[in-house]
Amino acid sequence: MAEDLVLDTAIRDWVLVPLSVVMVLIGVLRYFVSKLLRSSQTPDAKVVREGQLILRARNLRAAGGFIPVKSFRARRFYYTNEENGLLHVPKGQAQNPQAQMFSDPNMAMDMMKKNLSMIIPQSLTFAWVNFFFSGFVAAKLPFPLTPRFRSMLQNGIDLSTVDVSYVSGRSWYFLNLFGLRGLFSLILGEENAMDDTQRMMQMGGGFGVDPTKNLGAEKDGIDIIQHEWTLPKMEQRAEMVLRKLVK
Numbered sequence: 006m007a008e009d010l011v012l013d014t015a016i017r018d019w020v021l022v023p024l025s026v027v028m029v030l031i032g033v034l035r036y037f038v039s040k041l042l043r044s045s046q047t048p049d050a051k052v053v054r055e056g057q058l059i060l061r062a063r064n065l066r067a068a069g070g071f072i073p074v075k076s077f078r079a080r081r082f083y084y085t086n087e088e089n090g091l092l093h094v095p096k097g098q099a100q101n102p103q104a105q106m107f108s109d110p111n112m113a114m115d116m117m118k119k120n121l122s123m124i125i126p127q128s129l130t131f132a133w134v135n136f137f138f139s140g141f142v143a144a145k146l147p148f149p150l151t152p153r154f155r156s157m158l159q160n161g162i163d164l165s166t167v168d169v170s171y172v173s174g175r176s177w178y179f180l181n182l183f184g185l186r187g188l189f190s191l192i193l194g195e196e197n198a199m200d201d202t203q204r205m206m207q208m209g210g211g212f213g214v215d216p217t218k219n220l221g222a223e224k225d226g227i228d229i230i231q232h233e234w235t236l237p238k239m240e241q242r243a244e245m246v247l248r249k250l251v252k
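Residues 6 to 252 in the working numbering are what the sequence shown lists, from first letter to last.
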């Protein structure tokens, strides 16, 4: 049987609230520090052109049924033909993204600054939480949970008799670390509310992204799509919609 605990209000005042406030302040401070360290770069014309080309190809796949078959085939040939198609990338022209990034010192420096602006504050914060708040039962969730959540919510508490709905101080730190995106979107704006989960994913996969693969994927998508002109069937669809509305 899980034991019910009575939490002291001092834990709320000296553990739960300070930890949450510090996590929010560190997130805001990290955003402004990374903004100051960010160097202004002129966007690469080739990257912008490839991005716009991918958007146009996606629009063709999504709305290709609203143009006749002849027009769709002409556009598909314009994008995917093997001689001079816009989405066709010859094998010899594919660039290694790692070599391209390390050849540009500014790009590598910006990546290092972004990683340091995340690693250093979080390492110091975790050391502070681990030293002062490890072993505290900081809060209790107002709903029951299964025992599978014990390792996530009770990090630092080695007691199997404590109910799963109780949250330790160290677990509260991780919950704030990965769950403050909504609050940062209100404070910093939606575009600047990238949480630490996305930052970690970018750290792990930012070195190996090949832009030519996106062009090849869009080319394959346009090649396999089956055109179906939707305009001749618009009257039947409109009739069906009107019948449903009348019913």
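Idealized CB from N, CA, C, for every residue including glycine. Since this is a predicted model, take the numbers as computed values, not measurements.
Does DSSP put Lys145 in a helix, a strand or coil? Looking at Lys145 - three-state DSSP - the assignment turns out to be strand.
Could you tell me the distance, in whole angstroms, from the CA atom of Ser170 to the CA atom of Leu10? When rounded, the separation of the alpha-carbon atoms in Ser170 and Leu10 is 11 Å.
In the DSSP assignment, the beta strand (DSSP E) including Val172 goes from what residue to what residue? Its beta strand (DSSP E) spans residues Tyr171 to Ser173.
If I'm right that Trp177 touches Leu21 with Cβ under 8 Å, what's the distance once you round it to whole angstroms? Going by Cβ atoms, the distance from Trp177 to Leu21 rounds to 7 Å, so yes, they are a contact pair.
Let me know the secondary structure DSSP gives Val38 once reduced to three states. Of the three classes helix, strand and coil, the one that applies to Val38 here is helix, per DSSP.
Separation of Phe183 from Met205, as counted between CA atoms: Any reading at Met205 must be qualified, since the residue scores a pLDDT of 47, below 50, and its modelled position is unreliable; the value itself is stated next. C-alpha separation (whole angstroms): 11 Å.
Candidates Lys118, Val29 and Ile16: which alpha carbon is nearest Leu42's? Of Lys118, Val29 and Ile16, the residue nearest in Cα terms is Lys118.
Checking 8 Å against the spacing of the C-beta atoms, do Thr217 and Phe71 come in under that value? The Cβ atoms of Thr217 and Phe71 do not sit closer than 8 Å to each other.
With Asn160 as the anchor, note down where its alpha helix (DSSP H) starts and where it stops. Note, Asn160: premise wrong, no alpha helix (DSSP H); not H, not E.
Whose C-alpha, out of Gly32, Leu12 and Ile16, is nearest the C-alpha of Arg181? The sequence as given places Asn at residue 181; Arg does not occur at that position. With distances taken between Cα atoms, Asn181 lies closest to Gly32.
Nearest candidate by alpha-carbon position, reference Leu191, set Asp18, Ile16 and Val29: Per the Cα distances, Val29.
Given Val94 as reference, the closest of Asn120, Pro147, Arg78 and Lys224 once Cα atoms are compared: Of the candidates Asn120, Pro147, Arg78 and Lys224, the one whose C-alpha sits nearest the C-alpha of Val94 is Lys224.
Buried or exposed: where does Ser76 fall if 16 or more other Cβ atoms within 10 Å of its Cβ makes it buried? When all chains shown are included, Ser76 counts as exposed.
Quick check: the Cα distance between Arg54 and Phe82, rounded to an integer number of angstroms? Looking at the two C-alpha atoms, the distance is approximately 19 Å.
With DSSP as the reference, label Val277 as helix, strand or coil. For residue 277 there is no data in the structure shown, the boundaries of the chain being 6 and 252.
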